[in-house]
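Read the structure below first, then the notes.
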DNA sequence: TATTGTTATACTCTATAACTATA
DNA sequence: TATAGTTATAGAGTATAACAATA
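Residue numbers (this note's numbering), protein chains in the order written: chain A, 430 to 578; chain B, 430 to 578.
Now the structure itself:
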C-alpha cells in the first residue's frame with residue numbers, strides 16, 4: 430500500500446512548500462547537531478548573543494519573533510549550562526545585558542561551523558547560484574513590513 | 430530601545446531563512462483563515478482527502494510527515510465537525526477509506542480559494558517568475574531522497 | 001511476522017494574564 | 001503611563017510505547 434497521492438494543489442501553495450523545506454532542513458540540523466544538544470531556536474538565540482554581546486532579552490524576542498515569557502525559559506537553561514552571563518544594563522535599570530561566557534563562546538564557534546555544514550548538506554541539491562537566489566527570495570517574504578492590524 | 434541587531438550570520442543559513450519565511454506565510458494564513466477555524470495542518474489534511482477520496486490514514490501520514498497517533502486526533506475532530514466519513518476499505522480490512530461529506534466538500538471549495546488568496550498575499554513581493562523559481566528550489570530541497578539511517 | 005488504526009501519555013513549543021521594578 | 005523582565009499556566013504540536021484486528 431504505497432499509492433502516491435495527488436498533492437498537486439498543496440504544491441501550488443508557497444506556505445506548504447516553504448514549511449516542508451524548513452522541516453527537511455531542521456531534521457538534518459537536529460541529526461547533525463545532536464552532539465551539542467541545541468535545538469534550532471537554542472542555536473539562533475545563542476548565535477545572536479555571540480554576535481551581539483550586551484543585547485537585551487527584548488531585542489532577542491523582537492529579532493526572532495519569540496515571546497518574552499518563553500525567552501526567560503531559554504535564558505535560564507543557558508545559565509544553568511554555564512554558557513550565559515547577565516549583567517546590569519549600562520543605561521536601562523530594568524534591562525539585563527546578555528553575553529556568552531568563555532565556555533559559551535568556545536561552544537558557539539564550533540556549533541556555528543557545524544550548523545553551516547549541516548545547512549549546506551541539507552540544501553546540497555542547489556547550485557551556489559540557486560542558494561543565493563533562494564536566500565534572496567525568502568528574505569523578500571519575511572522582511573516585508575507587517576500589515577497594520 | 431530599538432537598536433537593530435547583527436543578524437548577518439543567521440541569514441547565511443537557509444534553515445533560518447526558510448523557517449522565518451514559513452512563519453511569515455503561516456501568520457498570514459491564520460489571520461485570513463480565521464473564519465474557517467482551520468490550522469495549516471487541518472487544512473492540508475482536509476485538502477488531501479478532498480483531492481484523494483478513499484485515501485487511508487496511513488497514506489495521509491506518509492504524505493504530510495505526521496505520525497499515526499496524531500492523525501487519529503485530527504480525524505476525530507473532523508468527524509465531530511461533520512466534514513469527514515469513514516468507510517470500510519474495499520481491499521484492506523484493517524484500513525478505513527476516508528472521504529469528505531457534502532458539507533466538508535463545500536467547505537474545502539471555499540477554503541482552498543481563501544488559502545490560495547492568502548498565500549498570494551503573503552508572497553506578493555515576488556513576481557510570478559520569482560514565485561515559480563521559489564517553488565522549484567523549495568521542492569528540490571524537500572523532495573530529495575532521505576539519507577539512510 | 002508485519003501493518004493499520006488506536007489509546008494513553010509525555011515532551012516541546014507557543015500563547016495569555018498578571019505581577020514587579022524601572023523609565 | 002509605558003516598558004523590561006518575570007511567574008504561572010494553558011494550549012497546540014509532536015513523540016514513544018503498547019495494544020487489537022487484519023494482512
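Idealized CB from N, CA, C, for every residue including glycine.
Among the residues facing chain A, residue 563 of chain B is included, as its CB has a counterpart in that chain under 9 Å away. With at least 16 other beta carbons inside 10 angstroms of its own, residue 548 of chain A counts as buried. According to the DSSP secondary-structure assignment, residue 528 of chain B is paired through a beta bridge with B:514.
Residue nearest to residue 495 of chain B within the set B:458, B:573, B:433, B:473 is B:473 (criterion: CA-CA distance). Between residue 525 of chain B and residue 515 of chain B, the C-beta gap is smaller than 9 Å, which places the two residues in contact.
Annotation for residue 571 of chain B: the continuous alpha helix (DSSP H) segment containing it runs 557-571.
Contact annotation for residue 501 of chain B against chain A: no contact, minimum CB-CB distance about 18 Å [criterion: below 7 Å]. Using a 10 angstroms sphere on the CB of residue 533 of chain B, the tally of other CB atoms reaches 16 or more, which defines it as buried. Around the Cβ of residue 545 of chain A, a 10 Å sphere holds fewer than 16 other Cβ atoms; the residue is exposed.
For the pair residue 453 of chain A and residue 551 of chain A, the Cα-to-Cα distance works out to about 7 Å.
For residue 519 of chain A, there are no C-beta contacts with chain B under 7 Å, since the nearest C-beta of that chain is about 12 Å from it. Nearest C-alpha to residue 540 of chain A among A:568, A:477, A:490: A:477.
Along the region 448-477 of chain B, going in chain order, the ones with a CB nearer than 7 Å to a CB of chain A are 448, 449, 450, 451, 452, 453, 454, 455, 458, 469, 473, 476, 477. By a beta-carbon distance limit of 8 Å, residue 562 of chain A does not contact residue 436 of chain B. Their separation comes to about 20 Å.
Put simply, the region 452-470 of chain A touches the region 440-448 of chain B. At least three CB pairs are less than 8 Å apart. Within the same chain, Cβ atoms closer than 6 Å to the Cβ of residue 507 of chain A are found at 513, the five residues on either side in sequence being excluded. Contact note: residue 533 of chain B does not reach chain A at a C-beta cutoff of 9 Å; the least C-beta distance is about 15 Å.
Listed in chain order, the non-local C-beta contacts of residue 538 of chain A below 6 Å within the same chain number zero, local neighbours out to five positions each way being set aside. For residue 554 of chain A, the closest alpha carbon among the candidates B:531, B:570, B:482, B:543 is that of B:570. Rounded to whole angstroms, the separation of the alpha carbons of residue 531 of chain A and residue 565 of chain B is 43 Å. Interface with chain A (9 Å Cβ-Cβ cutoff): residue 542 of chain B is excluded. Among the residues facing chain B, residue 514 of chain A is not included, as its CB has no counterpart in that chain under 9 Å away.
Residue 443 of chain A counts as buried, since at least 16 other C-beta atoms from the protein chains shown sit within 10 angstroms of its C-beta.
By the beta-carbon neighbour count (other beta carbons within 10 angstroms, threshold 16), residue 488 of chain B is buried.
Closest in C-alpha terms to residue 438 of chain A, from the list B:458, B:480, B:461, comes B:480. Here residue 497 of chain B has 486, 487, 490 as same chain residues with Cβ atoms under 8 Å from its own Cβ, once five neighbours each way along the sequence are excluded. Residue-level contact check: residue 444 of chain B touches chain A, since one or more beta carbons of chain A fall below 9 Å from its beta carbon.
With contacts defined as CB atoms closer than 9 Å, residue 527 of chain A and residue 469 of chain A fail to qualify as a contacting pair.
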